[in-house]
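Notes to accompany the following structure.
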Amino acid sequence: YQAKRDRSGVEVYDATRDANTPDRLGLLGDLRRALDAGEVELHYQPKVRFDGQVAGLEALVRWVHPERGRVNPEEFIGMAETSGLMPQLTEYVLEKALGQIASWRRMGLEVPVAVNVSPRDVHSPGFAGAVAARLARHQVPPGALQLEITETVLLEDPQQAADTLNGLTGHGVKMSLDDFGTGYSSLVHLRRLPVSELKIDRSFVARLVVDPEDAEIVRCTVDLAHSLGLLVVAEGVEDDETWERLRELRCDAVQGWLVAPAMPPDEATAWLRARGEHGWQRPALTPAPRP
Ligand code: C2E
Ligand code: MG
Ligand code: MG
Ligand code: MG
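Numbering (full-length UniProt numbering), first residue to last: 407 to 697.
What follows is the structure, encoded as structure tokens:
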């Protein structure tokens, strides 16, 4: 199999370079087993406001394969999606995330957690009810859970998607529109979706400081979102200058390595304890060199 190394030097399995079918089937079987065995983990990445207040945490799946090492989430999520394993993965993630929310609440850490859901979930008629039942079972107030969806949910069956989303918001669950700008963005869609938050995709944020067109896209997106009463989060913020530009553009919150990477539960707990009281402090800007 093919492997590459990520930033931390951990080996990452990359099935895109390894499209041979038996191998992918093997991986799918392994994922199924890993879910049954509880070996898939959730890491948590903070979203913070510009005053440092923690707006929430996003749960991101992590799977370390016993032989292949860490498998890229985009890869196995795509696989779960096309193979019909998605409902099981979503159940698994929701179950873990709700357990974590409940456990943080018992420690006095009342922070909303966002879970990514796939179009497949949104198109399943029983989904809203199942989420409500799970919340009740964990005794977690619906407002503590956020679900991140992408615009692609509207491609297939807009009516079913609308029913599910309205069902969820009706129960008090908050919806967030993820990766905004990369899909089939239409203002009509945006107006129709009952979301309270919009996340600007990393691809626009990454070059914000150097590319005036990206900056203009971000500015327009923030203004549009605000005019619709939505909170705007920028994803993939890696440096001070980008943070500063986003603040000037009146973005509401940021997520990215500048603040913190996705962290395993214990580390996220320590991070929340340390930052909860005084908020996250942005490191001082490095002064520009004098001419
Ligand atoms: P996403 O929801 O847009 O998540 C953000 C991705 O950006 C995450 O990648 C995160 O680790 C990465 N990221 C965060 N900060 C930075 C940064 O400063 N710089 C850069 N370069 N990247 C950053 P990850 O964890 O690989 O997840 C990829 C995608 O997989 C997610 O994109 C989401 O669409 C999907 N995903 C993750 N967990 C789940 C899950 O539990 N269920 C479903 N259905 N999808 C999931
Ligand atoms: Mg997301
Ligand atoms: Mg995103
Ligand atoms: Mg993304």
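Using N, Cα and C, we set each Cβ at its ideal position, and we do this for glycine too.
In this structure, the alpha-carbon of F456 lies about 15 Å from that of K605. When C-beta atoms of the region 548-555 are compared with those of the region 514-522, three or more pairs fall below 8 Å, so the two segments count as touching. The Cβ atoms of D617 and T588 lie no closer than 8 Å to each other. Between E644 and G662, the C-beta spacing is below 8 Å. The way I'd put it, the region 662-676 doesn't touch the region 625-639; fewer than three beta-carbon pairs between them come closer than 8 Å. Short of 7 Å from the beta carbon of A503, and not among the five residues preceding or following it, lie these beta carbons of its own chain, in chain order: L448, A465, V519 and V521. Taking the Cβ of N522 as the reference point, at least one heavy atom of ligand 2 falls within a distance shorter than 7 Å. Nearest neighbour of A461 by Cα position, chosen from A676, D658 and E647, turns out to be D658. V660 and V467 do not touch by the CB rule: their CB atoms are close to 22 Å apart, not below 8 Å. In this structure R597 does not touch V628 by the C-beta definition: roughly 17 Å separates them, more than the 8 Å allowed. Per the coordinates, the alpha-carbon of F586 lies some 10 Å from the alpha-carbon of E641. R543 and D620 have their C-alpha atoms roughly 44 Å apart. Shortest Cα-Cα distance from E557 to any of R526, A536 and Q545 involves R526. Here T570 is not near V611, since their CB atoms are 8 Å or more apart. DSSP, reduced to helix, strand and coil, places N522 within a strand of the structure shown. Straight through space, the alpha carbons of L630 and L652 are spaced by roughly 15 Å.
At a threshold of 7 Å, D527 does not count as near ligand 2, since its beta carbon sits no closer than that to any of the ligand's heavy atoms. In this structure, P452 and L463 form a Cβ contact; the two beta carbons are roughly 5 Å apart against a cut-off of 8 Å.
Judged by beta-carbon spacing, V546 lies beyond the 8 Å limit of V579, meaning their Cβ atoms are not closer than that value.
Straight through space, the alpha carbons of R430 and M485 are spaced by roughly 8 Å. Per DSSP, reduced to three states, the secondary structure at V446 is coil, with no helix or strand assignment. In the three-state scheme derived from DSSP, where H, G and I count as helix and E and B as strand, W469 is classed as strand. According to DSSP, residue pairing for V624 in a beta bridge does not occur.
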